[in-house]
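J.: So the sequences go chain by chain: A and B. Heads up: the first sequence is residues 1 to 120, going by the UniProt record's numbering. Heads up: the second sequence is residues 1 to 120, going by the UniProt record's numbering. This is the structure, below, for whatever I ask next.
2 protein chains.
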Amino acid sequence: MERIPILRMGRLLLVTIQVDMHDRLAMTLQDDLTTRIVTDRATGVLIDISALDIVDSFIGRMISNTAAMAKILDARTVVVGMQPAVAITLVELGLTLEGVSTALNVERGIKLLERGGACA
Amino acid sequence: MERIPILRMGRLLLVTIQVDMHDRLAMTLQDDLTTRIVTDRATGVLIDISALDIVDSFIGRMISNTAAMAKILDARTVVVGMQPAVAITLVELGLTLEGVSTALNVERGIKLLERGGACA
């Protein structure tokens, strides 16, 4: 599969990352996502990473960049479903997901976006 | 990745199939999904197949079986995001997704489940 599907739920877009990201896939996702934010007039993006056992600096930067692009297009980004081990590793490695809010799961992420609590 | 994540949205569960299914992955998904239907008291399951270019008899049977399992546990299943080419192939090959309702996208699938219109 060469594309990560983007699901629309009201004014929000949901992306579930299940496969190992590589450069081209990340670029395709960013292209698709920015296009969809505009065409669907989305106000928020949920990125589910519950399937990821590892978030390295490449994935971290990809998520931050995607959030920065979304922000320019007036949509906020929330990362949901992070595994405990990933949270531990991120802090231990000093990796920060800049400009990105996090929530425990999709439901809480939706609530966060709906009440406008995510990073602007 | 050896698991397909299952996202909870209210009383519904959402599964996005992005990777090629094989026997073990399908069984793991069915195990996980039935467990989650019980623990999350889910009333509906949305299976997004927008990333699939091909739905062969194996995938079709896997979806039908999953829907049958969900039905026994009192949850209805809706397949969403089917690509036009997949719909054409399914009909041409005479494959039916028994016991499964379909909807254009996640939003419509949620509406279908909420108004109780999906296959019981």
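For every residue, glycine included, the Cβ atom is placed at its ideal position computed from N, Cα and C. None of these values were measured; they are calculated from a predicted model.
To which residues of the same chain is A103 of chain A closer than 6 Å at the C-beta, ignoring the five residues directly before and after it?
T.: Correct list, in chain order: V78, V80, G109, L112.
J.: Enumerate, from N- to C-terminal direction, the unbroken alpha helix (DSSP H) stretches of 4 or more residues contained entirely within the stretch 65-113 of chain A.
T.: Segments of the alpha helix (DSSP H) lying fully in the stretch 65-113 of chain A: 84-93.
J.: Below 6 Å CB to CB, which residues in the same chain sit around Q18 of chain B once its five sequence neighbours on both sides are set aside?
T.: Same-chain partners within the cutoff: A51.
J.: Taking the beta carbon of L93 of chain A as the centre, do at least 16 other beta carbons fall within 10 Å, making it buried, or is it exposed?
T.: Flag for L93 of chain A reads exposed.
J.: Buried or exposed, going by whether 16 or more other CB atoms sit within 10 Å of the CB of V15 of chain A?
T.: Burial call: buried.
J.: Identify, in the order they occur along the chain, each residue of the same chain with its Cβ nearer than 6 Å to the Cβ of R11 of chain A, setting aside the five sequence neighbours on each side.
T.: A42, T43.
J.: According to the neighbour-count rule (16 or more other Cβ atoms, all chains shown, within 10 Å of its Cβ), is M5 of chain A buried or exposed?
T.: The sequence shown places Pro at residue 5 of chain A, rather than the Met named in the question. It is buried - the Cβ of P5 of chain A has at least 16 other Cβ atoms within 10 Å.
J.: Rounded to the nearest angstrom, what separates K71 of chain B and S57 of chain A at their Cα positions?
T.: Distance between the alpha carbons of K71 of chain B and S57 of chain A is about 42 Å.
J.: I47 of chain B and A75 of chain B: beta carbons closer than 8 Å?
T.: It is not a contact, given that the beta carbons lie outside the stated cut-off.
J.: Going by CA-CA distance only, name the one from A:Q83, A:L29, A:E98, A:I88 that's closest to L13 of chain A.
T.: Checking every option, the nearest Cα to that of L13 of chain A belongs to A:L29.
J.: Can you tell which of B:A67, B:D31, B:S101, B:R3 has the C-alpha that lies nearest to the C-alpha of M82 of chain B?
T.: Measuring from the Cα of M82 of chain B, the nearest candidate turns out to be B:S101.
J.: Using the rule of at least 16 other Cβ atoms within 10 Å of the residue's Cβ for burial, across every protein chain shown, is M62 of chain B buried or exposed?
T.: Under this definition M62 of chain B is a buried residue.
J.: For V55 of chain B and L90 of chain B, which I take to be in contact (beta-carbon distance under 8 Å), what is that distance rounded to the nearest angstrom?
T.: That belief holds up - the Cβ atoms of V55 of chain B and L90 of chain B are roughly 6 Å apart, short of 8 Å.
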